[in-house]
Amino acid sequence: MKRILVGIKRVVDYNVRVRVRPDGSGVATEGAKMSINPFDEIALEEALRIKERGLVEEVVVVSIGSSDAQPQLRTALAMGADRAILVQTDAAVEPLDAARLFLALAGREQPLAILLGKQAIDDDNNQTGQMLAALWDRPQATFASKVEIDGDVARVTREVDAGLETVEVDLPAVITVDLRLNEPRYVKLPDIMKAKKKPLDTISATELGVTPRQRVRAVRFDAPAARQKGVVLKDVTELVAALKNRGLV
Amino acid sequence: MSHVLIIAEHDGRQLNLSTAKCVSCAVQIPNAQVTVAVFGQDIEAVAASAALIRGVTRVLRIENPASVHLLSAVIAPQAVALARCAYTHVFGPSTTFGKDLMPRIAALLDAPQISDIMAVDSAHQFRRPIYAGNAVLTVDVSNEAIVVGTVRTASFDTAPATGSAAVERVSVDAALPLHTRFVALSGASSDRPDLQTASRVVSGGRALASAENFKLVYELADALGAAVGASRAAVDSGYAPNELQVGQTGKIIAPDLYIAVGISGAIQHMTGIKDAKTIVAINKDADAPIFESADLGLVGDLFTLIPELRAQLARS
Ligand SMILES: Cc1cc2nc3c(=O)[nH]c(=O)nc-3n(C[C@H](O)[C@H](O)[C@H](O)COP(=O)(O)OP(=O)(O)OC[C@H]3O[C@@H](n4cnc5c(N)ncnc54)[C@H](O)[C@@H]3O)c2cc1C
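Heads up: the protein sequence lines correspond to chains S and P, in order. Going by the numbering used here, the first residue of the first sequence is number 1, and it counts up by one from there. Going by the numbering used here, the first residue of the second sequence is number 250, and it counts up by one from there.
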């Protein structure tokens, strides 16, 4: 069966303004609203559209983490994914280990493509997709704003600093998605009910042959240097004068 | 002693300034020897400009017709073949080029990557922003023989072109895949300053309300000799092309002057400009969050204020 794997990371919702704990030991996330990483939602939407075009038969969502990620996987199932896999571990998983876990799943599931968000909005690492492609020895098409699948080839438009780059990759491949690829659908109530009956399998990281290791040790968390609140000027004349004062015009 | 290998970013003709920023970062590592690797085809001139960057000890020029489009799948195996001989750090810029390439190198080296390095504390301790810049994380990789990093270019100065490193032509032995093919690159080439390196930037937001109105932003930018930027909302709505987006998922910039026109100041936008020296906000809503971090503010309708500002600048 032709299928797409989609990564779903549970992160602090993008509307929450996280703060560093006063003792620098971490970021205070207790009680914060948790959501699917926005980029992953876009990856899932794209996979669903590819399925709706009849190019694959199954969309499988995967989350790596503790059982706390189940609600996010249920949401993904409600959006339209066919089944979910929770790769369970209580350890913090670095991108290279996440890539290894996806690689192990790629071996089991033989997907046509693996779609991931280009970055997660908590760690902002932007690494996992590229690392997975390297370990899998397959193409990567990152920062996608358009994906066209034609047989065993994908044509992907990528948002790069210089504009838009189009690449053609042989499938299977890893595609990481950018914000403008699509607008994810809203979940409807009946779909939430239906999603409860869809399969959600749990497998441990060790069963997949990976014991997550912490290689990048967090030493300290600091609040960013705050900018001073400035002055509001009366009119354009005052603004031009202020700019001149600072030697900016 | 640390041995830093920097992967040069270029477009085949010119070295990108991001490379000199990576060098500024690398030389902050105590006792660092800095080597720049230039991959591509017909890159003699690019390699020559890399050799001028102060702080660079050696430039390696690796010519290969397969490298012409700098596809990560093609460059990574070559970079890995180089990096395996005695480097402690492999750095690239945190631009779309480096973001795409460096993790592929890291995985092949079985090395961890530190993304968006904003400060160097020691050879194995670095600082980086997380949560869209809401926190700064200090990380330690003391147990690693080799680490990969991307350098947040806005955090470092451009190392001056006063050096004179030797350029060596080297060849590497690596199997290169054919599974990834370049098709096209389209971007509006303009005579305006480059957003990433400009000392002045004028950005427009959703308030511009149409691509037609966005001309106001271009005109103000031209009056100032500034580059043009945009918020995500302006890009999503099609008022401005994607390469102009500033912020967490766009470009991270540090101009001397940043003028935000009709931009509310969402955290994802502000993280892209927090190193700007002077931020000017023009917004009709006095309570817009952007005024919390702007040095200079004007409250009012941009459609009257921008033409007025242009007129006054023209007069002065
Ligand atoms: C994962 C993720 C990543 C993101 N990455 C980015 C990013 O990289 N960059 C980015 O910019 N955003 C990013 N965003 C989006 C961000 O959250 C905001 O939605 C966006 O920045 C808003 O753009 P804006 O300020 O132009 O629009 P709005 O928030 O709608 O603000 C428009 C402003 O214009 C003012 N205004 C309206 N009319 C006038 C007028 N006539 N004259 C003067 N002022 C007027 C209003 O008062 C308002 O403050 C991201 C969001 C997510 C979830």
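Every residue, glycine too, gets a C-beta built ideally from N, C-alpha and C. Note that the structure is predicted; figures quoted are calculated from it, not measured.
Contact test: Y14(S) Cβ vs ligand 1 heavy atom, cutoff 7 Å: By 1-based counting over the first sequence, the position of residue 14(S) is 14. Yes, Cβ of Y14(S) sits closer than 7 Å to a heavy atom of ligand 1.
Buried versus exposed, by CB contacts within 10 Å (16 or more), Q263(P): In the second sequence, the residue the question calls residue 263(P) occupies position 14. Of the residues assessed, Q263(P) falls on the exposed side of the cut-off, its CB having fewer than 16 other CB atoms within 10 angstroms.
Cβ of F431(P) within 8 Å of any chain S Cβ: Locating residue 431(P) in the second sequence gives position 182, counting from the first residue. Output row for F431(P): interface = yes.
Residue environment, S66(S), which counts as buried when at least 16 other CB atoms sit within 10 Å: In the first sequence, residue 66(S) corresponds to position 66, counting from 1. Per the 10 Å Cβ criterion, exposed.
Residue burial classification, T527(P) (beta-carbon count within 10 angstroms, cutoff 16): Working through the second sequence from its first residue, we reach residue 527(P) at position 278. By the 16-neighbour rule on beta-carbons within 10 angstroms, T527(P) is buried.
Heavy atom of ligand 1 within 7 Å of K533(P) beta-carbon: Along the second sequence, read from residue 1 onward, the residue named residue 533(P) stands at position 284. K533(P): yes, Cβ under 7 Å from ligand 1.
Reduced DSSP category for F431(P) - H, G, I as helix; E, B as strand; rest coil: Walking along the second sequence from the start, residue 431(P) turns up at place 182. Residue state, collapsed to three classes: strand.
Residues of the stretch 107 to 130 of chain S whose Cβ lies closer than 7 Å to any Cβ of chain P, in chain order: So the list reads I121, D122, D123, D124, N125, N126, Q127 and Q130, given in the order they occur along the chain.
Extent of the continuous alpha helix (DSSP H) run through Y568(P): With chain P covering only 250 through 565, there is no way to say anything about residue 568(P).
Cβ neighbours of A28(S) in the same chain (closer than 6 Å, five flanking residues each side left out): Residue 28(S) sits at position 28 when you count from the first residue of the first sequence. Only R19 and R21 meet the Cβ criterion.
DSSP beta-bridge partners of Q140(S): Indexing the first sequence from 1 puts residue 140(S) at position 140. In the DSSP output, where bridge partners are listed per residue, Q140(S) has V174(S).
Segments assigned alpha helix (DSSP H), at least 4 residues, entirely inside the stretch 474 to 502 of chain P: The alpha helix (DSSP H) runs lying completely inside the stretch 474 to 502 of chain P and spanning 4 residues or more are 481 to 485, given in chain order.
Three-pair Cβ contact test at 8 Å for the stretch 363 to 376 of chain P versus the stretch 283 to 299 of chain P: Between the stretch 363 to 376 of chain P and the stretch 283 to 299 of chain P, the count of C-beta pairs closer than 8 Å stays below three; the two stretches do not touch.
Nearest-angstrom Cα separation, counted from T211(S) out to N217(P): Because chain P here runs from 250 to 565, residue 217(P) falls outside it and cannot be looked at.
Whole-angstrom distance between V253(P) and C271(P), CA atom to CA atom: On the second sequence, residue 271(P) is found 22 positions in, with the first residue counted as 1. On the second sequence, residue 253(P) is found 4 positions in, with the first residue counted as 1. Distance between the alpha carbons of C271(P) and V253(P): 10 Å.
Closer than 7 Å: Q494(P) CB and nearest ligand 1 heavy atom: If you number the second sequence from 1, residue 494(P) lands on position 245. Yes, the Cβ of Q494(P) comes within 7 Å of a heavy atom of ligand 1.
Whole runs of the alpha helix (DSSP H) within the stretch 189 to 225 of chain S, excluding any shorter than 4 residues: The stretch 189 to 225 of chain S contains these whole alpha helix (DSSP H) runs: 189 to 195.
Residue-level contact to chain S via CB, F552(P), 8 Å cutoff: As a working mapping, residue 552(P) is identified with position 303 in the second sequence. Not an interface residue.
Min CB distance F221(S) to chain P below 8 Å: Position 221 of the first sequence holds residue 221(S). Yes, contact with chain P.
Proximity test, Cβ basis, 8 Å: V477(P) and chain B: This model lacks chain B altogether; the protein chains it does include are S and P.
Local conformation of A134(S) per DSSP, three classes: For this step, residue 134(S) is matched to residue 134 along the first sequence. Reduced to three states, the DSSP call for A134(S) is helix.
According to DSSP, residues forming a beta bridge with N532(P): Along the second sequence, read from residue 1 onward, the residue named residue 532(P) stands at position 283. Answer is V548(P), bridged to N532(P).
Contact under 8 Å by Cβ, D524(P) with A503(P): On the second sequence, residue 524(P) is found 275 positions in, with the first residue counted as 1. On the second sequence, residue 503(P) is found 254 positions in, with the first residue counted as 1. The answer is yes: Cβ separation under 8 Å.
Members of the stretch 413 to 441 of chain P that neighbour chain S once the beta carbon cut-off is set at 9 Å: Those residues of the stretch 413 to 441 of chain P that come within reach of chain S (Cβ to Cβ, closer than 9 Å) are P426, L427, H428, T429, R430, F431, V432, A433, L434, S435, G436, A437 and S438.
Those residues which DSSP pairs with E159(S) across a bridge: The sequence position of residue 159(S) within the first sequence is 159, counting from 1. Beta-bridge pairing links E159(S) to L164(S).
Same chain, Cβ closer than 6 Å to A81(S), five either side skipped, listed in chain order: Here residue 81(S) corresponds to residue number 81 of the first sequence, with the count starting at 1. Result list for A81(S): V59 and V61, in chain order.
Close-in-space but distant-in-sequence residues of the same chain around L73(S) (CB under 7 Å, 5 per side omitted): As a position in the first sequence, residue 73(S) is number 73, starting the count at 1. Beyond the five residues adjoining it in sequence on each side, L73(S) comes within less than 7 Å, by CB distance, of I8, V61, S63, A84, L86 and L200 in the same chain, given in chain order.
Contact under 8 Å by Cβ, E557(P) with G163(S): Counted from its first residue, the second sequence places residue 557(P) at position 308. Counted from its first residue, the first sequence places residue 163(S) at position 163. Their beta carbons are not under 8 Å apart, which means E557(P) does not touch G163(S) by this criterion.
Length of the line joining the Cα atoms of I354(P) and F340(P): In the second sequence, residue 354(P) corresponds to position 105, counting from 1. In the second sequence, residue 340(P) corresponds to position 91, counting from 1. Each residue's alpha carbon lies about 10 Å from the other.
Span of the alpha helix (DSSP H) around E183(S): By one-based count along the first sequence, residue 183(S) stands at place 183. Boundaries for E183(S): no alpha helix (DSSP H) harbours it, and the DSSP string shows neither H nor E there.
Check: R481(P) C-beta below 7 Å from any heavy atom of ligand 1: In the second sequence, counting from the first residue as 1, residue 481(P) sits at position 232. Flag set: Cβ of R481(P) near ligand 1.
Through-space distance from R481(P) to K33(S), alpha-carbon basis: The residue given as residue 33(S) occupies position 33 in the first sequence. The residue given as residue 481(P) occupies position 232 in the second sequence. Rounded to the nearest angstrom, the gap between the Cα atoms of K33(S) and R481(P) is 23 Å.
Cutoff 8 Å: S565(P) Cβ touching any chain S Cβ: The residue you call residue 565(P) lines up with position 316 of the second sequence. Chain S contact via Cβ: present.
Within-8 Å CB hit, S452(P) to chain S: Taking the first residue of the second sequence as position 1, residue 452(P) is located at position 203. At least 8 Å separates the CB of S452(P) from every CB of chain S.
At least 3 beta-carbon pairs within less than 8 Å: the stretch 447 to 463 of chain P vs the stretch 381 to 399 of chain P: Taking a contact to require three or more Cβ pairs closer than 8 Å, the stretch 447 to 463 of chain P and the stretch 381 to 399 of chain P do not qualify as touching.
Whole-Å CB distance - V231(S) paired with G549(P), under 8 Å assumed: Residue 231(S) sits at position 231 when you count from the first residue of the first sequence. Residue 549(P) sits at position 300 when you count from the first residue of the second sequence. Cβ atoms of V231(S) and G549(P) stay farther apart than 8 Å, at about 15 Å.
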